[in-house]
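From first to last, the protein sequence lines are chains W and D.
As numbered in our numbering, the first sequence has no gaps in its residue numbers, which increase by one up to the final residue, 129.
As numbered in our numbering, the second sequence has no gaps in its residue numbers, which increase by one up to the final residue, 129.
Every residue gets a Cβ at the ideal spot worked out from N, C-alpha and C, and that includes glycine.
Computed from a predicted model, the values in this text were never measured in an experiment.
Take a look at the structure below.
Number of protein chains: 2
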Amino acid sequence: MQPIGYVRSPYKVAQDIPKGLGAKHEAEGLLDVRPEFEAGLTDIEGFSHLFVIWAFDRSEGFNLLGTPPSDDRPHGVFATRSPRRPNPIGLTVVELMSREGAALRVRGIDMLDGTPILDIKPYLSSVPAGRLRRGWLAEAEARTGPKP
Amino acid sequence: MQPIGYVRSPYKVAQDIPKGLGAKHEAEGLLDVRPEFEAGLTDIEGFSHLFVIWAFDRSEGFNLLGTPPSDDRPHGVFATRSPRRPNPIGLTVVELMSREGAALRVRGIDMLDGTPILDIKPYLSSVPAGRLRRGWLAEAEARTGPKP
């Protein structure tokens, strides 16, 4: 695995990133793709949303059970977005605002500045909201009242 | 990176996997998680859909430009789901049908049998369909008529 580029983010340390129930990820930033991969971005402008697969490069080790910021109860790591995972891979859906050469300006960043990007893929279709069940997260929201 | 488990799929070779415009991914299969990671699945049953991050273990090398099965024109690799990527990482959204211990029965498999799984994450929210733009894929669909 080699970084195809790096995230330019307003978040310099983990404490800067909004967390917990109702946290909004509306920060703008750049996906700064390495020049040698720029041709791989051809026609990406046509997509409104992208999947970004990235490395939790400032996380070490993993916990199979952990209590996420959005709940006061522990859950399995594969049922959460915890950074402490067996393979430290992150996944974020971002909205593509514009492209300038090998740099993609995006909204919805929740990564730290300098995060290595492993892959970018087009977001092609959504699961209809009415078909989604959101497990412990929906329960935690129900216990603490409606989302802000 | 180490596999946290393996996909059990009806697809034994790449030619078995439905491809091209209108291809449906409704195959059922198993995400067979290694026993030592089973605790990481705690509470996953509450989620209707999961992201599966996996390795294209039977793909070698990459092409920055390629013509996908759903079009007759080339596009950048980061605007397609091509297996020939700088980092050979795949991403699939599956519907979780049931769990039996460390095995998750899922629908929507488009991986080959034996594919190494790198991570599993809960699918928490969708981009509303009305806000999605699907670039070259929508154009290819428009050229060839409505989806079957």
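Return no unless some Cβ of chain W is closer than 7 Å to the Cβ of residue i.
i	result
PHE59/D	yes
GLY40/D	Before going further, note that residue 40/D is Ser rather than Gly in the sequence given. With 7 Å as the cut-off, SER40/D does not count as an interface residue toward chain W.
HIS56/D	yes
GLY10/D	no
LYS5/D	no
PHE28/D	yes
PRO97/D	no
PRO67/D	yes
ILE(-15)/D	yes
VAL(-12)/D	no
VAL108/D	yes
ARG124/D	no
Under 7 Å between C-beta atoms, does residue i make it to chain D?
i	result
MET92/W	no
TRP117/W	yes
GLY1/W	no
THR23/W	yes
ALA20/W	yes
LEU85/W	no
ASP100/W	yes
PHE37/W	no
PRO16/W	no
ILE(-2)/W	no
ARG114/W	yes
PRO49/W	no
When burial is assigned at 16 or more other CB atoms within 10 Å of the CB, is residue i buried or exposed?
i	result
ASP102/W	Here residue 102/W is Lys; the residue named in the question, Asp, does not match the sequence. By the neighbour-count rule (16 or more Cβ atoms within 10 Å), LYS102/W is buried.
GLY71/W	buried
ASP53/W	exposed
ARG66/W	buried
MET92/D	buried
GLY111/W	exposed
PRO16/D	exposed
GLY1/D	exposed
ALA123/W	exposed
ASP(-3)/W	exposed
PRO109/D	exposed
Below 8 Å on the Cβ atoms is my contact criterion, and I expect residue i with residue j to pass it. Report the Cβ-Cβ distance as a whole number of Å.
i	j	result
VAL58/D	GLY3/W	Incorrect: roughly 36 Å between the Cβ atoms, too far for contact.
ILE98/D	GLY(-14)/D	5 Å
GLY95/D	VAL75/D	About 17 Å separates the two Cβ atoms, so there is no contact after all.
ALA36/D	PRO69/D	6 Å
ASP24/W	ALA60/D	5 Å
PHE28/D	LEU77/D	6 Å
ALA121/D	SER51/D	6 Å
State the beta-bridge partners of residue i as determined by DSSP.
i	result
SER79/D	ARG86/D
THR139/D	Residue numbering for chain D in the displayed model covers -18 to 129; residue 139/D lies beyond these limits and cannot be assessed.
GLY47/D	HIS56/D
ARG115/D	PHE28/W
LEU12/W	VAL(-12)/W, LEU85/W
LEU99/W	None, per the DSSP bridge assignment.
ILE(-2)/D	Bridge partners of ILE(-2)/D: none, in fact.
LEU72/W	ILE34/W
Subject >> Cβ pair count under 8 Å reaching 3, the stretch 36 to 56 of chain D against the stretch 80 to 95 of chain W >> reply: no
Original post:
Should the stretch 12 to 32 of chain W be called in touch with the stretch -8 to 6 of chain D, which here means at least 3 C-beta pairs below 8 Å?
Top reply: Between the stretch 12 to 32 of chain W and the stretch -8 to 6 of chain D, the count of C-beta pairs closer than 8 Å stays below three; the two stretches do not touch.
**OP:** Examine the Cβ distances between the stretch 101 to 115 of chain D and the stretch 91 to 107 of chain W and report whether three or more of them are shorter than 8 Å.
**Re:** Touching, per the Cβ criterion.
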